[in-house]
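Reviewing the structure listed below.
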Amino acid sequence: MARTKSGAGDSADAPTKKQKKPKKQRWYHQVWAAYKMTRRQDPLVTWIMLAVFCGILALSLLVGFLTGHPIYATVIGLPFSLLGAMFVLTRKAERAAYTQIEGQPGAVRAALGTVRGGWNFDDEPVAVSRQQDLVFRGIGRPGVVLVSEGPAHRVQRMLDDERRRTARVLPNVPITLLQVGNAEGQIPLPKVARKVQKLKKKLTRAESAEVGKRLKALGGVRLPVPKGVDPMKARPDRKGMRGR
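Counting along the sequence shown from 1, when you hit position 136 you're at 136 in the UniProt record's numbering, and nothing is skipped either side.
Structure, rendered in structure tokens:
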């Protein structure tokens, strides 16, 4: 009797190996990643953190000796020392992150992603110029905010055009214009999120939701080119323009 061949059949019948799930990052992994990123931008961050940690701990010891309870004061001061060092790391990491993205297209949208308090920002810009200047739109209880990215002399007209376009749909809704940049009168990138959050609330939650529904009709920018094509380098089809 002929023996049945094995090999391909065995491999096909063999149970497929389960793909390993990516390991979840612990909080200390995230802290270490933030520290390494910050240290590349600011090498002095280590010494500043140590200075804050030791300063708070020394102050706790001093209070402990004055009150006659040095050990108790040390136990109390240790977590505050750690919190102080972590606060310094958080602030330095935030600045380092802004330094990395500053000057890149879409940096304003990344900064606006940190805004809290019921704000909704479109992922796509509502206006784009040939020089890659951008205007992003957000909706919140203060109304509609239009935030530009680019030189002041170029983006002001874009902001005005978009404000008129929005006002035609929402004539009674407050519209705030903000320019992000390093020129005079513009808002630095690290401060734009706080600037938006400080805007006074003028709408209710229901009114804000209704504004969002109406603005969906306006949409954002939809470039009529396939993905992967640079619109700045696209050339017209001259044969098609003459007619075939």
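Backbone N, C-alpha and C define an ideal beta-carbon position, used for all residues, glycine too.
Beta-bridge pairing of residue i - partner residues as DSSP gives them
| i | result |
| --- | --- |
| His137 | Note on identity: in this sequence residue 137 is Arg, with His being the wrong assignment. BP columns for Arg137 point to Leu146. |
| Gln179 | Ser148 |
| Ile187 | Val180 |
| Asn172 | Answer is none; Asn172 lacks a bridge partner. |
Start-to-end residues for the alpha helix (DSSP H) that takes in residue i
| i | result |
| --- | --- |
| Pro125 | Taken as a continuous stretch (DSSP letters only), Pro125 belongs to no alpha helix (DSSP H), as it is neither H nor E. |
| His69 | Neither: His69 is in no alpha helix (DSSP H) and is coded neither H nor E. |
| Trp119 | Trp119 -> no alpha helix (DSSP H), and no H or E assigned at all. |
| Gln131 | No alpha helix (DSSP H) holds Gln131; DSSP gives it neither H nor E. |
| Arg39 | Trp27 to Gln41 |
| Glu210 | Arg205 to Leu215 |
| Leu112 | Ala107 to Leu112 |
| residue 245 | Here the chain comprises residues numbered 1 to 244, so residue 245 is not present and cannot be evaluated. |
Residue nearest to residue i in terms of C-alpha spacing, selected from the options
| i | options | result |
| --- | --- | --- |
| Lys202 | Gln41, Val144, Gln179 and Arg165 | Val144 |
| Ala127 | Arg157, Ala107, Pro171 and Tyr98 | Arg157 |
| Val135 | Ser148, Lys213, Lys92 and Leu44 | Ser148 |
| Val196 | Gly103, Arg137 and Tyr28 | Arg137 |
| Gly150 | Arg109, Pro142, Arg165 and Pro171 | Arg109 |
| Glu124 | Leu112, Tyr35, Arg116 and Gln131 | Leu112 |
| Gly55 | Tyr98, Gly84 and Val75 | Gly84 |
| Gln104 | Arg165, Ala167, Gly181 and Ala206 | Gly181 |
| Gln30 | Arg165, Val45 and Ala93 | Ala93 |
| Lys216 | Arg164, Ala206, Asp122 and Asp160 | Asp122 |
| Glu102 | Ala206, Val192 and Thr204 | Val192 |
| Phe80 | Val52, Tyr98 and Gln100 | Val52 |
Alpha-carbon to alpha-carbon, residue j and residue i
| i | j | result |
| --- | --- | --- |
| Pro190 | Phe87 | 17 Å |
| Leu78 | Leu50 | 13 Å |
| Ser60 | Ile48 | 18 Å |
| Ile187 | Glu162 | 19 Å |
| Asp133 | Arg91 | 29 Å |
| Tyr35 | Leu57 | 21 Å |
| Ser129 | Val75 | 58 Å |
| Thr176 | Gly140 | 11 Å |
| residue 256 | Arg214 | The chain is shown only over 1 to 244; residue 256 falls outside these bounds and no answer can be derived. |
| Pro231 | Ala107 | For Pro231, the predicted structure reports a pLDDT of 37, less than 50, and the residue's modelled location is therefore unreliable. A value from the coordinates is still provided. Those two C-alpha atoms are separated by around 20 Å. |
| Pro70 | Arg194 | 41 Å |
| His153 | Ala96 | 28 Å |
| Pro142 | Arg40 | 38 Å |
| Glu184 | Leu66 | 51 Å |
Residue-level contact to chain D via CB, residue i, 8 Å cutoff
| i | result |
| --- | --- |
| Asp42 | Although the question refers to chain D, the structure presented lacks it and comprises just one protein chain. |
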